[in-house]
Every structure is written in C-alpha cells, then in structure tokens.
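Quick note, the sequence shown lines up with residues 8 to 334 if you use the working numbering.
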Amino acid sequence: MQGKIALEEHFAIPETLMDSRGYFPDRVWEEVKSRVMDIQDRRLREMDAQGIELMLLSLNAPAVQAIPDKARAAEIARKANDYLAEQVAKRPDRYQGLAALAMQDPDGAARELERCVRELGFRGALVNGFSQLGEPETVLYYDLPQFRPFWAIVERLGVPFYLHPRNPLPRDAKIYEGHAWLMGPVWAFGHETAVHALRLMGSGLFDEHPRLQIILGHMGENLPFALWRVDNANAWIPNRHSYPAKKRMRDYFSANFYVTTSGNFHTPALLNAMAEIGSDRIMFSTDWSFENIDHAARWFDACPISENDRVKIGRTNARRLFKLGND
Ligand code: GRE
Ligand code: ZN
C-alpha cells in the first residue's frame, strides 16, 4: 500500500542515545545507533521503498521520563522538541512531530505541550511511561491527582497522547529476577504499559475528560486480548470490582484509546484487535529504529484484511486523529 502513515517512529539526540544501548548486543548496536540518529537520509529511503509517506517522529525511551531532576528533564525535552521541529521543517511532507514531555512537572509539561502544538506545529505527545522524580525510586503514574490539570489541557488542545513503554524500575521488576530476557520489548514493556493504561481507565480520568485520546503501541500492549477478562473476572461475585471510574474498562478502551501495529506484525494479533476495538481505532506503525520498516510494511501490505480496513489502518485513521487533512 502506498501513502502509509507511521507514528511510533523514534529518533535520538546525543543526550538520550545511550538510553537505547542496553537493549541490543554489541554487534547490532552500531546499526541501531546509526538508524536512530538519522532522520533525513536512510530513513527516507526506507520509507520510499515501503510506501510510507509520512512518519510522526518521537524521542527514544525512556529518555526524559528517567531524569529525576525535573529542571534537567524539562531542558532535555525542550532540546529534543526544538531539534525535532528543525528536522520536520526540512521535510514537512514526510515528517511531523510528537512532543517529549517532562511529566515530572505537570504544569511545565502542559506548557511545553502547548508550545509544541501552537508554535512548533506538533501533532501530539509521546511519553515513555511513568516518570521518576527527585529520589530515583519515586515514580509518577499519570492517573495521580496532580496530573488532572495537565489532562485538561491535553483535552483542550485536542491532540492525542501516545503512552509508550519503558521498563519497570528494579524495585518493581523482582518477578523478572534471573530472567533478564523477559525485560524490554519481550514482555516487561507490555505489562508495564498495560497496567499504566488500566490505571488511567480505572481512575475515572476519562469520565472527567471524555474527549482524551490515548495511543498504545504493540497492538495495544496485550489489552485487546485481555479486556474481556479484565471486566468479567469472577463476574459471578456481585460488586467484586470497585474503582473510581463509572464504566467498564471496555467502554473507555473503545472511546478513549487507539492502538498501533508497532513491533507486532502478526495477523492473529491484528484480527483480535479488530474484533475488540475495531478498525477505526487501529493505526499502522513500525517502531523504527528498533524494529524494521520492511518487516512491518511487507506484513501489513499483504495481511488478509479488506482493502477498506487496510486504507483506514494504514492511513486515514491517522489523518483524522492527527488532523492531517482529508483524503
Ligand atoms: C521501543 O521503542 O518500543 C523499543 C525500545 C528499545 C528496544 C526495543 C523496542 O525503545 O521495541
Ligand atoms: Zn517504540
């Protein structure tokens, strides 16, 4: 399919590059490093070769979220956003921006998002899971009450918020002890991010701000598969669940979430997502530089779905959500 749009597509700046180092063996790192630092060269050739018209670019992970000093976190976010704006300005027909945000300071993050959207023309934000603040072990999840004014501004700006994975801190990763292979994209990323998304849903955030739109990568971080059981576990026990939110998790997932195909190029997973959230809320993505554009595109272009669904997932859903114009 020509004209695809991809939106979990990462770059790095020198200050954040090494955050991606630990996920790759030495022999692969040189390759990943050159991919993630490049924007205007090989990336465009890969996009051309695989029918990707536009990428929405975002900073690598965990980057800003893992800087416990909030002034430094804000400085790096701003630096990454200014650099991204310069790069987008060179090829606005091929690239658009998603803002990095120092959520360590919710008011500052809201102001930076506003600057990115109003002054730099960015289309939304991508944040790498919880933020560390002060003591490196202090973690902030965005269902906490101090983030409600931030969410009000996201809703008012009308831009989506991509909740991207990061690893849990060692303190919260004891279950993986002795099994380091389960960290990162293999398993821990998905679990960490799914729990964060469920916290947002259960907190009542979407009752207060019903127009918020959250994007999850990796075909929804396993939530489309798990959703029925989340709402129905022990359904024979009356009032088993009690949480601040007014509705079922399914209702929020259907009204306030999108999922992308990033790093999950598997037809049964896509069909499950289509059955649970529907083809209007699924968008193509690759997860370059950490996955391969050709793997993503070859799979997607040939997977057995209707051409109507392919065009929605490959292009038009993103054009609508990010207000990129109609066609
Ligand atoms: C990602 O961005 O999803 C990612 C990383 C590092 C390794 C693998 C991966 O940030 O998918
Ligand atoms: Zn990613």
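Backbone N, C-alpha and C fix where the C-beta goes; we use that ideal spot for every residue, glycine too. Treat the numbers as computed from the prediction; the structure is a model and nothing was measured.
Mind checking whether the beta-carbon of residue i lies closer than 8 Å to any heavy atom of ligand 2?
{"i": "F297", "result": "yes"}
{"i": "D294", "result": "yes"}
{"i": "E15", "result": "yes"}
{"i": "A304", "result": "no"}
{"i": "G270", "result": "yes"}
{"i": "P172", "result": "yes"}
Who are the Cβ neighbours of residue i in its own chain at under 6 Å, not counting the five residues just before and after it?
{"i": "C123", "result": "N88, A106 and F129"}
{"i": "E22", "result": "I83"}
{"i": "L230", "result": "A201"}
{"i": "I338", "result": "Residue 338 is absent from the structure shown; the chain starts at 8 and stops at 334."}
{"i": "Y259", "result": "M208 and F213"}
{"i": "I46", "result": "F18 and Q94"}
{"i": "A240", "result": "none"}
Is residue i near ligand 1, with its Cβ less than 8 Å from a heavy atom?
{"i": "Y169", "result": "no"}
{"i": "Y265", "result": "no"}
{"i": "N239", "result": "no"}
{"i": "F31", "result": "yes"}
{"i": "P175", "result": "no"}
{"i": "N67", "result": "yes"}
{"i": "F18", "result": "no"}
{"i": "H273", "result": "no"}
{"i": "H4", "result": "With the chain running from 8 to 334 in the structure shown, residue 4 is simply not present."}
{"i": "S210", "result": "no"}
{"i": "P231", "result": "no"}
{"i": "P192", "result": "yes"}
{"i": "F307", "result": "no"}
{"i": "F196", "result": "yes"}
{"i": "S27", "result": "yes"}
Quick check: residue i and residue j, are their CB atoms within less than 9 Å of each other?
{"i": "H225", "j": "N271", "result": "yes"}
{"i": "A68", "j": "S27", "result": "yes"}
{"i": "M62", "j": "Y90", "result": "no"}
{"i": "M8", "j": "R317", "result": "yes"}
{"i": "M110", "j": "Y149", "result": "yes"}
{"i": "Y265", "j": "P167", "result": "yes"}
{"i": "Y250", "j": "G211", "result": "yes"}
{"i": "W295", "j": "R50", "result": "yes"}
{"i": "A304", "j": "K11", "result": "yes"}
{"i": "F329", "j": "L24", "result": "no"}
{"i": "M256", "j": "L223", "result": "no"}
{"i": "A81", "j": "E119", "result": "yes"}
{"i": "V134", "j": "Q72", "result": "yes"}
{"i": "P342", "j": "Q153", "result": "Lying before the first or after the last residue shown, residue 342 is absent from the chain, which here runs from 8 to 334."}
{"i": "S65", "j": "F31", "result": "no"}
{"i": "L195", "j": "F232", "result": "Here residue 195 is Ala; the residue named in the question, Leu, does not match the sequence. Their beta carbons are not under 9 Å apart, which means A195 does not touch F232 by this criterion."}
{"i": "L219", "j": "F213", "result": "yes"}
{"i": "V43", "j": "F297", "result": "yes"}
{"i": "R326", "j": "N315", "result": "no"}
{"i": "F157", "j": "P113", "result": "yes"}
{"i": "K86", "j": "I182", "result": "no"}
Enumerate in chain order the residues of its own chain whose CB-to-CB distance from residue i is below 7 Å, with the five nearest sequence positions on each side excluded.
{"i": "A92", "result": "G104 and L127"}
{"i": "R52", "result": "none"}
{"i": "E121", "result": "I160 and L164"}
{"i": "A283", "result": "For the record, residue 283 in the displayed sequence is Glu; it is not Ala. For E283, where only same-chain residues beyond five positions count, the Cβ hits under 7 Å are P231 and L234."}
{"i": "L176", "result": "E144 and V146"}
{"i": "H203", "result": "G136, F137, Y148 and L170"}
{"i": "D238", "result": "R255, M256 and R257"}
{"i": "R247", "result": "N241"}
{"i": "H302", "result": "F272"}
Less than 9 Å between CB atoms is the rule here; does residue i satisfy it with respect to chain D?
{"i": "R206", "result": "The structure shown contains no chain D; it is built from a single protein chain."}
Excluding the 5 residues preceding and the 5 following residue i in the sequence, name in chain order all residues of the same chain whose CB lies nearer than 8 Å to its CB.
{"i": "G209", "result": "D150, Y250, P251, A252 and M256"}
{"i": "A311", "result": "According to the sequence displayed, residue 311 carries Pro and not Ala. T274."}
{"i": "L108", "result": "V71, A84, A116, E119, L120, A132 and V134"}
{"i": "A180", "result": "N174, M190 and A195"}
* Ranges of the beta strand (DSSP E) found wholly within the segment 36–119, counting only runs of at least 3 -> 59–66 and 102–104
* Do the segment 130–145 and the segment 183–192 meet, that is, are 3 or more Cβ pairs less than 8 Å apart? -> no
* Inside the segment 110–191 only - alpha helix (DSSP H) runs reaching at least 4 residues -> 113–125 and 155–164
* Any contact of the segment 284–300 with the segment 313–327, i.e. 3+ C-beta pairs under 8 Å? -> yes
* Going along the chain, which unbroken runs of the beta strand (DSSP E) with 3 or more residues stay wholly within the segment 189–237? -> 221–223
* Pick out the complete beta strand (DSSP E) segments inside the segment 246–283, 3 residues or longer, and give them in chain order. => 264–267
* Asked: Along the chain, which unbroken stretches of the alpha helix (DSSP H) at least 4 residues long are found entirely within the segment 287–333?
  -> 300–309, 314–318 and 324–328
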